[in-house]
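These notes are about the structure you will find just below.
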Amino acid sequence: MVRANSFLAVLMGVAAPAHATDAAFCTALDDLRTETTNTGVPQRIAVIKEEEMTFACRRNADVGAQVAFCDAALNQVGVEFTYAFPWYVRDCFSSSGVRLSIESVDQYTGLRDRKKIAHMWGRWRDGTRIDVRFQPSGDFGDQPKFRGYWGTYSLVVWRRSGS
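Letter by letter, the sequence shown follows residues -20 to -1, 1 to 143 in mature numbering (1 follows the signal peptide of the UniProt record, and there is no 0).
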């Protein structure tokens, strides 16, 4: 029913309310940090919104932490409002008292009182870093109003040597 209500909100031009961030999503995000810390290998995830009612999560390896994160992201974000993805990441950091730097743009997201995050970065207390960027897809020359609307959020978690 929530999905139907969210869909109706879009049809009526009303933004959907922000939903609480699920603990499983924050745990999966922290597991990416742990994987990076233990292996020294950056964890790369792409959250993709190419068209209405679609969501994809691409990972760079068949690593348990990445598989679990993609599952948690799909459960958290759903298919309608992928632009909520970076806000949920921010909420995970905020709940642990860590601030992220955010660059936002005034573009429709389907979320009440939340602009689209174009770039977000910061670090956990142990020095592990996170970077989330939005990369628009397509030129949409025939539909200029959608320029920059569809695209991919790339999430990278890494740790500098000696950190």
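Virtual Cβ for every residue (Gly too), placed ideally from N, Cα, C.
Distances from the alpha-carbon of I97 to those of G20, F65, D106 put F65 closest. Only residues of its own chain outside the window of five on either side were considered, and among them A8, D11, L12, T14, E15, Q23 have a CB closer than 8 Å to the CB of A45, listed in chain order. Distance from the Cα of W101 is smallest, within the candidate group K95, I110, R94, for I110. Comparing alpha carbon positions, the residue from V85, L91, Q56, R79 closest to C6 is Q56.
For Y63, the three-state secondary structure derived from DSSP is helix.
Take T89, set aside five residues on each side of it, and the residues of its chain with a beta-carbon closer than 6 Å to its own are Y63, K96, in chain order.
In the three-state scheme derived from DSSP, where H, G and I count as helix and E and B as strand, L80 is classed as coil.
Here DSSP, grouped into helix, strand and coil, assigns V43 to coil. Straight through space, the alpha carbons of R140 and R94 are spaced by roughly 32 Å.
For Q115, the closest alpha carbon among the candidates R105, W104, G107, G131 is that of G131. When the five nearest sequence neighbours on each side are left out, the beta carbons in the same chain lying within less than 6 Å of the beta carbon of R103 are those of R109, in order along the chain.
The C-beta separation of I28 from L135 comes to about 12 Å, leaving the pair out of contact by the 8 Å criterion.
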